[in-house]
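Counted from 1, the sequence shown has number 91 at position 91 by our numbering; the numbering is strictly sequential. All remarks here apply to the structure that follows.
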Amino acid sequence: MSSLTVHVPLAIRRRGGRKRVVAPEGAPGVTVLSCRADPALVKALARGFRYRKLLDQGRYASISEMAAAEKIDRGYLGRLLQLTLLAPDIVEAILDGRQPEGMTLPALMKPFPVEWARQFEHRVRAASDHPPRLGNKF
């Protein structure tokens, strides 16, 4: 009796707290499926833009006042507000679920350049272990 070994090249990646099976690019029978946006990233962006709007409207005089009223840490609030400085193409990629695998909420909460052109280079370096998805700048 002989045995048959089947080799299936794939990887398991964590994304948004869930595990996902990823096949290598160009593998036969692999189709690109539209993927869902990472809920943690989308929520953080939404909160950041909401808080910025409240500040712009003058509802709160300072970040400290807002943090106390919203019952969140001042530093965390500052990092959420920092997300509103992301380049529009990065924000769009996150909302569409096209960001690189390594672009996680903890990675985005770290300081980054405010110049949009430099943000792409910075994010690619930060996510160097996770190359961008096929057909996307992000």
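Quick reminder that beta carbons are idealized off the backbone N, C-alpha and C, glycines included.
Requested in this report: Return the bridge partner residues of Val22 from the DSSP annotation.
Outcome: Ala11
Span of the alpha helix (DSSP H), counted from its first residue to its last, around Gln82: Arg74 to Gln82
Worksheet entry | Enclosing alpha helix (DSSP H) for Tyr51 [first to last residue] | Pro39 to Asp56
(request) Give the secondary structure of Gln119 by DSSP, where H, G and I count as helix, E and B as strand, and everything else as coil. (result) helix
Worksheet entry | Straight-line gap, Arg13 to Glu92 (C-alpha atoms, nearest Å) | 22 angstroms
Can you tell me whether DSSP reads Met109 as helix, strand or coil?
coil
Checklist entry - What are the boundary residues of the alpha helix (DSSP H) that Leu95 is part of? => result Pro88 to Asp96
Taking Cβ to Cβ, would you say Ala37 is nearer than 9 angstroms to Gly102? no
Next item on the list: Closer than 6 angstroms by C-beta to His130: which residues in its own chain qualify, once you throw out the five before and the five after it? Chain order, please.
Entry: With a pLDDT of 49 at His130, under the threshold of 50, the predicted position of this residue should be treated as unreliable, though the coordinate-derived value follows. Around His130: Pro100, Glu101 and Gly102.
Check your understanding: Do Ala67 and Leu83 come within 9 angstroms of each other at the CB atom, strictly closer than that value?
Key -> no
Local conformation of Glu70 per DSSP, three classes: helix
Please report the Cβ distance between Pro111 and Gln119, rounded to the nearest whole angstrom; I am assuming they are in contact, meaning their Cβ atoms lie under 8 angstroms. No, Pro111 and Gln119 are not in contact; Cβ-Cβ is about 11 angstroms, not under 8 angstroms.
Confirm, please, whether the CB-CB distance from Ile63 to Leu81 is below 9 angstroms. yes
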